[in-house]
Each structure stands twice: as structure tokens, then as C-alpha cells.
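For the sequence shown, the positions run 10 to 416 when this note's numbering is used. Structure record follows, encoded as C-alpha cells.
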Amino acid sequence: MTSCSCFKRNIRSLVTLNRDVNNTNKGEIRARILGIETSCDDTGAAVVNEKGEIIGNALHSQTETTVSLGGVLPQYAKALHKKHIDTIVKDALQKAQLHPKELDAVAVTVEPGMPLSLEVGLSYAKQMVLEHGLPMIPIHHMEAHALTARMVEQIDFPFLVFLASGGHCLLAVARDVDDFLLLGNCTDCAPGDAFDKVARRLKLKTLPECTGKSGGAMIEHLSRCGNRDTFNAPDVFFKKRSCNFSFHGIKSHYMRYILEEESKQGIEGSGVISNASDLCASFQYAILRHMCRPLQRALVFCDNNNLLAETKTVVLSGGVACNRYLRHGIEKVCVTHGARLVVPPPELCTDNGIMIAWNGIEKYLCGRGFVDDPQSVCYRNRSPLGTDITEEVTKAHIKVKLIDLGL
Numbered sequence: 010m011t012s013c014s015c016f017k018r019n020i021r022s023l024v025t026l027n028r029d030v031n032n033t034n035k036g037e038i039r040a041r042i043l044g045i046e047t048s049c050d051d052t053g054a055a056v057v058n059e060k061g062e063i064i065g066n067a068l069h070s071q072t073e074t075t076v077s078l079g080g081v082l083p084q085y086a087k088a089l090h091k092k093h094i095d096t097i098v099k100d101a102l103q104k105a106q107l108h109p110k111e112l113d114a115v116a117v118t119v120e121p122g123m124p125l126s127l128e129v130g131l132s133y134a135k136q137m138v139l140e141h142g143l144p145m146i147p148i149h150h151m152e153a154h155a156l157t158a159r160m161v162e163q164i165d166f167p168f169l170v171f172l173a174s175g176g177h178c179l180l181a182v183a184r185d186v187d188d189f190l191l192l193g194n195c196t197d198c199a200p201g202d203a204f205d206k207v208a209r210r211l212k213l214k215t216l217p218e219c220t221g222k223s224g225g226a227m228i229e230h231l232s233r234c235g236n237r238d239t240f241n242a243p244d245v246f247f248k249k250r251s252c253n254f255s256f257h258g259i260k261s262h263y264m265r266y267i268l269e270e271e272s273k274q275g276i277e278g279s280g281v282i283s284n285a286s287d288l289c290a291s292f293q294y295a296i297l298r299h300m301c302r303p304l305q306r307a308l309v310f311c312d313n314n315n316l317l318a319e320t321k322t323v324v325l326s327g328g329v330a331c332n333r334y335l336r337h338g339i340e341k342v343c344v345t346h347g348a349r350l351v352v353p354p355p356e357l358c359t360d361n362g363i364m365i366a367w368n369g370i371e372k373y374l375c376g377r378g379f380v381d382d383p384q385s386v387c388y389r390n391r392s393p394l395g396t397d398i399t400e401e402v403t404k405a406h407i408k409v410k411l412i413d414l415g416l
């Protein structure tokens, strides 16, 4: 028998043995899983147990570096991941007071994400499971975002997921731990990316109050003292009534506004237009308005097809979910449609090792997601979430009128 086949057999036996040994008298399964996250520019590792308790967590954020460089540079992000991953993982384990051999499995992000970044986390995980004889659970980054809220709230399947970040904007029905129906997706620029690029074009990082903040956080901060009615917010129209998103037009519209204002005010170099707060407020409102209409359509589609649990729940996650203004508007839509909105704490909305570990726990407890040969696992930069039924949604031709957001 080859060493590879022996390893596969031993991993299967180990998983079964661990689950049996860890059974309590009440029939519950105990587990401690390490999660590793390197899909973009944050290096995260955490240990979570079967109760959703975070017993060890460490994170290295590249936000300040990303802002100073004007965006995420793949090679630079990879170098920083390689520099910090060993320290981050060891820190998480030390806080958990665990030796690697005491873990029940290692969960690691393998899709979707930046290839060079994913490679660092996956390579580290492969070495770790090989050295310590541990099972590996490959994790889909968006599935992890979608299920994180179940770690802090009682949420029954099925529920509606609204994920919004720098690389994604989608609506999906989560029917089980690994069963999703994709209702709508982003056709071009994601909202987080639009926030970052408009903030960069406004040169907001030169303002003292914006130091160390992400582009989205800069715009949210300035918007608080801005008048959104100073600039007309554009509407985004699709030829078809779908649940898809397109933020490129909004971004381009405000890029033109910035150019016009700089010309009027004679702004050159690193100068910032005097009415930047007003523009930020208008831009933020335009983003919110565009996010709300597909959400309304998704809720109606789910109602018409009985896709959600009796207590309708919408989970909003991803980095953009940290924006309080957007959360407030989205909650108004949910309440209007008889649904409750659940948003994980801000530290769980952005990329982190906790959500990867929790997704590993969810899969471990139902005996899914393990791979026979961890060394053969590959990363994928693009990977759809679940079963795509966006065409069915479009064919339903659901007309919705945007509610009064009162913001």
C-alpha cells in the first residue's frame, strides 16, 4: 500500500475516532478547529469550538499598507502573508493553549480570492496537517461569510444571505451548511471596490481624520456631516428585472463629479474639494439605494416560492456590512417585508480566521467537507456560490418600488 493511500485511510479513521471519542453523554460532539484565512490582504487564524466560542484568535491587517499603496498589490500581499502567517497561527494556538496535535481539524480558505494570497494559506495548512496528522476542511470564502452569523445568533435554515464586500455583492438563499441558491450577483464593480476608488480619487487619505481608515470607512465618516442632496444620486436601471448589481455606473458618475468640482475650485495636487463631505453623503446614498431594490426583489421572490423559514431572516455580511448607514437602510427594507436583519459584529464582517474556523465547525459537526488527500487540494480564484438560479429570478419579472428609506 502506498504512503498516500495509508494517509487517506488514516485521516478517515482519525475523523471517525475523534468524533466518537469526543461524544459527550448527551450525544453532542466536541470539536476544536483551527481556521486559516488569506484570501486577500488580511492574514487571519483562529480556533473555535463546537459551541461557537473563540478560544484563540490572531489577525494581521494590511489595511494601512493597502491604503498607502492605493490598492491591494498581489505580490506585496503575498509577501506580507508569508511574513506573518506562522506568527499569526502560533499566536492563535497559544491563546487557545493548544498544541496542533490537539486540534480536530484545520479549515483553510481555498476559494475564491487572490491566487497568490490563497496559495500562502493553503500551503501552510497542507504542511501543518501533514506534520501533525490532522484532517483538512477546504473552505469557500463566501460560504464562510454567509454562515458566520449562526455563530452569534440562533438562525435556522433556510435564510437569505446578502454579502457585500470589496470583491463581491450577492444575494443567496442558504438552505444548509453547503447548499446555497444564488439569486443575484455583481456584474462588474463591487460596492467595496467602488467605495475605495472614489475615496482614493477624492484623496481622502490626506485628511488627518481619515488616517488608517479604509476607503469605505473614510466615506462613511465624512458623510455624517454632509448633505446628500447637494449632488444628484444617479439611478441604476437594468433592462431585466433581476437581483443583480452593477456599481460601475455609480462610481463613474461620481468620478465625473469630482473632476468637475476640482476644476471649479482650482484644486491641484493632493488638495481635497471643499464639499467632499456632501459628495460622500450623496455617493453613499446612491450605493444604498442600488443595494436595496435587488434585496426587495429577492424577498418577494423568496415569498412567492416559499424559500425561507417561517421566521424570515436576512443575514448581511462582508466588509461593507460594517457601514452603519447602509445597515440602517437595509434594515428598513427587511422590516417592511416582514424579515429580521442579522449582522455579525464588525470584526466578523471583514475577513478573519474566526469565520473560517466556524465554517469548519459547521461542516465537522455534520460530517461534511473533509478531503481524503489534503495535498491534492487546489485553490481557485473564481468560484460561484451554490446553484445559480439568477435566470429564474429574472424570468419571474418581479416589479418592486423602492421604499422610502427616510435617510
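Idealized CB from N, CA, C, for every residue including glycine.
With 16 other Cβ atoms within 10 Å as the buried cut-off, status of residue i
{"i": "CYS375", "result": "exposed"}
{"i": "ASP287", "result": "buried"}
{"i": "ILE398", "result": "buried"}
{"i": "ASP205", "result": "buried"}
{"i": "LYS404", "result": "exposed"}
{"i": "LYS248", "result": "exposed"}
{"i": "THR396", "result": "exposed"}
{"i": "LEU268", "result": "exposed"}
{"i": "GLN136", "result": "exposed"}
{"i": "LYS110", "result": "exposed"}
{"i": "VAL344", "result": "exposed"}
{"i": "GLY221", "result": "exposed"}
{"i": "PRO354", "result": "exposed"}
{"i": "THR96", "result": "exposed"}
Spatial neighbours of residue i in its chain, beta-carbon cut-off 7 Å, leaving aside the 5 residues before and after
{"i": "HIS262", "result": "PRO243"}
{"i": "ALA134", "result": "ILE45, VAL115, VAL117 and MET145"}
{"i": "GLU140", "result": "none"}
{"i": "GLU120", "result": "HIS149, HIS150, TYR388, ARG389 and SER392"}
{"i": "ARG209", "result": "GLY79 and GLY224"}
{"i": "VAL380", "result": "MET145, PRO147 and VAL386"}
{"i": "TYR266", "result": "PHE240 and LEU288"}
{"i": "ASN34", "result": "Annotation note: pLDDT 38 at ASN34 (below 50); position unreliable, coordinate value reported separately. The answer is none, since no qualifying residue turns up."}
{"i": "MET160", "result": "GLY61 and TRP367"}
{"i": "HIS406", "result": "ARG250"}
{"i": "ARG184", "result": "PHE166, PRO167 and LEU190"}
{"i": "GLY122", "result": "SER48, CYS49, HIS150 and ASN390"}
{"i": "ASP360", "result": "GLU46, SER48, CYS49, ASP51 and GLY53"}
Close Cβ partners of residue i (< 8 Å) along its chain, the five nearest in sequence each way excluded
{"i": "GLN84", "result": "LEU125"}
{"i": "ASN32", "result": "Only weak support is given to the placement of ASN32: the predicted model assigns it a pLDDT of 47, under 50, and the value that follows is read from those uncertain coordinates. Here the set comprises ILE38 and ARG39."}
{"i": "ALA101", "result": "LEU43, ALA54, ALA55, VAL56, GLY65, ASN66, ALA67 and GLY362"}
{"i": "CYS195", "result": "HIS177, CYS178, LEU179, ASN253, PHE254, SER255 and PHE256"}
{"i": "HIS337", "result": "LEU416"}
{"i": "LYS212", "result": "SER279, GLY280 and VAL281"}
In DSSP terms, what residue i is bridged to
{"i": "GLY53", "result": "GLU46 and LEU68"}
{"i": "ASN194", "result": "Beta-bridge pairing links ASN194 to no other residue."}
{"i": "GLU120", "result": "HIS149"}
{"i": "ILE398", "result": "Answer is none; ILE398 lacks a bridge partner."}
{"i": "THR189", "result": "First, the residue type needs correcting, since residue 189 is Phe and not Thr in the sequence shown. Bridge partners of PHE189: ALA183."}
{"i": "ALA173", "result": "CYS178"}
{"i": "ALA114", "result": "ILE42"}
{"i": "PHE254", "result": "CYS195"}
{"i": "ARG349", "result": "THR322"}
{"i": "PHE168", "result": "ALA183"}
{"i": "ILE63", "result": "VAL57"}
For residue i, the nearest candidate out of the options (CA to CA)
{"i": "THR118", "options": "SER132, GLU111, PRO109 and ILE228", "result": "SER132"}
{"i": "ALA203", "options": "PHE240, VAL138, CYS289 and LYS273", "result": "CYS289"}
{"i": "ASP413", "options": "THR322, GLN305 and TYR266", "result": "GLN305"}
{"i": "HIS230", "options": "HIS90, MET123 and TYR334", "result": "TYR334"}
{"i": "SER326", "options": "ILE94, GLY201 and LEU268", "result": "GLY201"}
{"i": "GLU73", "options": "VAL138, LYS60, GLY415 and LEU89", "result": "LEU89"}
{"i": "ALA318", "options": "LEU127, PHE168, VAL138 and SER283", "result": "PHE168"}
{"i": "VAL314", "options": "GLU270, MET123, LYS99 and GLU401", "result": "The question names Val, yet the displayed sequence has Asn at residue 314. Closest option to ASN314, Cα to Cα, is GLU401."}
{"i": "LEU4", "options": "ASP95, THR47 and ARG298", "result": "An answer regarding residue 4 cannot be provided, because it is not within the stretch 10 to 416 covered by the chain."}
{"i": "MET227", "options": "GLU162, LEU357, GLN293 and GLU128", "result": "GLN293"}
{"i": "ARG316", "options": "VAL342, ALA348 and ASP95", "result": "The residue asked about is misnamed: residue 316 is Leu in this sequence, not Arg. Selected option, being the one with the closest Cα: ALA348."}
{"i": "HIS346", "options": "LYS273, ARG336, HIS337 and VAL323", "result": "VAL323"}
{"i": "ALA216", "options": "LEU156, ILE259 and SER283", "result": "Note on identity: in this sequence residue 216 is Leu, with Ala being the wrong assignment. Minimum Cα distance to LEU216 is reached at SER283."}
{"i": "ALA86", "options": "ASP51, THR359, VAL409 and ASP360", "result": "ASP51"}
{"i": "MET419", "options": "PRO303, GLN274, GLU218 and VAL207", "result": "Outside the displayed span of the chain (10 to 416) sits residue 419, for which this structure offers no information."}
Same chain, Cβ closer than 6 Å to residue i, neighbours up to 5 away in sequence not counted
{"i": "LEU394", "result": "MET151, ALA181, PHE189 and LEU191"}
{"i": "ASN153", "result": "Correcting the residue type first, residue 153 is Ala in the shown sequence and not Asn. So the qualifying residues of the chain are MET364, ILE365 and ASN368."}
{"i": "GLY378", "result": "ILE146 and LYS372"}
{"i": "SER291", "result": "ARG237, PHE240 and ALA242"}
{"i": "LYS214", "result": "VAL76"}
{"i": "GLU270", "result": "ILE282"}
Discussion item. Using 8 Å as the cut-off, can you tell me whether the region 378-395 makes contact with the region 143-152, which would need three or more C-beta pairs spanning the two stretches below that distance?
Written reply: yes
Discussion item. Closer than 8 Å is the cut-off here; do at least three beta carbon pairs connect the region 227-240 with the region 96-112?
Written reply: no
Discussion item. For the region 315-331 against the region 172-179, do three or more pairs of beta-carbon atoms, one drawn from each stretch, fall closer than 8 Å, so that the two count as touching?
Written reply: yes
Worksheet entry | Cβ contact check for the region 305-321 and the region 272-279: 3 or more pairs under 8 Å | no
Worksheet item: Is there contact here, the region 364-373 with the region 47-61, by at least three beta-carbon pairs under 8 Å?
Response: yes
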